[in-house]
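Accompanying notes for the structure given below.
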Amino acid sequence: MERNTNRLLSSCLIWVIAFLLVSGCLVPASLFVAGMSTFFSEDLIASTLGPFLCPEKTMPTIKTYQSTELDVKGFPRQATYYEMVCLDMNGISIKNLGGSYALIWSGIFAVFSLILAAVFSVIITFLFLRFFRKKTNLNSPTPPLVKIQ
């Protein structure tokens, strides 16, 4: 009984360490990909998130517009703003979601990468326990060498 408890405890510890290592790499990478994809795939994002965020019989679109903002020293500089709006059939804006669509899009990528990290951690734990388990002679697959005379 003590041996199974130790094996279970070490398995959980290995899984936690593997999960932290794998997710520490996957989550920042997925957030980078999500952030870059908001600039290049506006139609994909609007068609994916639009049905969930916009009311029925509206068309989600992502508007971009140029503006200026102040930098840290107080000087104006050019800036581009993005916002998702829900337009009715006449082109009138029904709902303005602002930039929240980008946070939701990034969150989807982060959750997906956490699920992927959990699966990879289970595989790593299984392989680690399989290759580094104690070898005993009690359950040896080959019989011991016996000299018969």
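With positions in the sequence shown counted from 1, the corresponding number in the numbering used here is that position plus 62.
Here a beta-carbon is modelled for each residue, glycine too, at the ideal position from N, C-alpha and C.
Keep in mind that this is a model prediction, so the values were computed, not measured.
- Secondary structure of M98 (DSSP, three-state): helix.
- In the structure shown, the three-state DSSP call for R192 is helix.
- Around F171, the same chain offers S92, L93, V95 and A96 as residues with beta carbons nearer than 7 Å, after the five sequence neighbours per side are excluded.
- When the five nearest sequence neighbours on each side are left out, the beta carbons in the same chain lying within less than 7 Å of the beta carbon of T187 are those of S73, I76, W77 and A80, in order along the chain.
- With contacts defined by Cβ atoms closer than 7 Å, L115 and L159 form a contacting pair.
- By the Cβ-count criterion, L82 is exposed, with fewer than 16 other Cβ atoms from all chains shown falling within 10 Å of its own Cβ.
- Sequence-distant Cβ neighbours of P138 in its own chain, meaning closer than 8 Å and more than five residues away, are T130, E131 and L132.
- Nearest C-alpha to N152 among Y144, D105, K119 and S162: K119.
- DSSP places G112 in no beta strand (DSSP E) but in the uninterrupted alpha helix (DSSP H) bounded by E104 to L115.
- Taking all protein chains shown into account, Y143 has fewer than 16 neighbouring C-beta atoms within 10 Å of its C-beta and is therefore exposed.
- For T142, the enclosing beta strand (DSSP E) begins and ends at P138 to L149.
- With respect to M146, Y163 sits close: the two C-beta atoms are nearer than 7 Å.
- Inter-residue distance for R192 and I210 is about 35 Å (C-alpha atoms, whole angstroms).
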